[in-house]
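Peer 1: Residue numbers (our numbering): 8 to 231.
C-beta: ideal position from N, C-alpha, C; glycine also.
Could you have a look at this structure, given as structure tokens, before my questions?
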């Protein structure tokens, strides 16, 4: 499958910004990673978080822009590039599992609203556990490592509450399987030389689970 180009994604997000302006939306998924500086395109769609019960409103805004096409019957929406970019409008709780409303933190990237990167990291850590294919898990892992680097370069340090259900055991599992240990250490504020099992004890167990989770758990279960 031929994927849209990186410039097409940037043009599409600028068009979205023009349509939505100060409406409470946020770019998530692979396109958010591109906006933060990645140059690797993995998908043919843009995932956009919108507030609950407002999907019709946002789709009506897209209809006003000449570069977006909304099918009258199916409501399938694309940005008219070659090849086209699919526009996905997502709302909590069914199409997006985390809380999202007008007060959810975002950052602005060249005039485009992007979900706050720590929340992006948490979402990627959740999604990797529910992926059916190794290919999709690998893409999520690349995005996690990219986000760790992005946060570390900006001196961002995060604590357990910010990562929700991402536990020390998850970090160990991720590093064993995909690497990225240095990125985790920098973002989690660990001292140089702390390896492996030390990750379970972050901040006196703030990130540690109440139960012992094995690698088999992460292979078979979604993060609840």
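Buried or exposed, going by whether 16 or more other CB atoms sit within 10 Å of the CB of residue 222?
Peer 2: Bear in mind that the predicted position of residue 222 carries a pLDDT of just 39, short of 50, making it unreliable; the figure below should be weighed with that in mind. The residue in question, residue 222, is exposed, as its Cβ has fewer than 16 Cβ neighbours within 10 Å.
Peer 1: To the nearest angstrom, how far is the alpha carbon of residue 161 from that of residue 25?
Peer 2: Residue 161 and residue 25: Cα-Cα distance of roughly 28 Å.
Peer 1: In the DSSP assignment, what are the bridge partners of residue 95?
Peer 2: Paired residue(s): 54.
Peer 1: Under a three-way DSSP split, which group does residue 13 fall into?
Peer 2: In this structure, residue 13 counts as helix in the three-state DSSP scheme.
Peer 1: Between residue 62 and chain C, is the shortest Cβ-Cβ distance under 7 Å, so that the two count as touching?
Peer 2: Absence of chain C from the displayed structure is noted, only one protein chain being present.
Peer 1: Alpha carbon to alpha carbon, how far is residue 21 from residue 27?
Peer 2: Going from the Cα of residue 21 to the Cα of residue 27 covers about 10 Å.
Peer 1: Which residue marks the beginning of the beta strand (DSSP E) containing residue 133, and which one marks its end?
Peer 2: Where residue 133 is concerned, there is no enclosing beta strand (DSSP E), although the alpha helix (DSSP H) it sits in stretches over 124-137.
Peer 1: May I have the straight-line CA-CA distance separating residue 34 from residue 183, to the nearest angstrom?
Peer 2: For residue 34 and residue 183, the distance between alpha carbons rounds to 30 Å.
Peer 1: Between the C-alpha atoms of residue 19 and residue 135, what's the straight-line distance to the nearest angstrom?
Peer 2: One C-alpha to the other measures close to 26 Å.
Peer 1: Can you tell me whether residue 66 is helix, strand or coil according to DSSP?
Peer 2: Correct three-state label for residue 66: helix.
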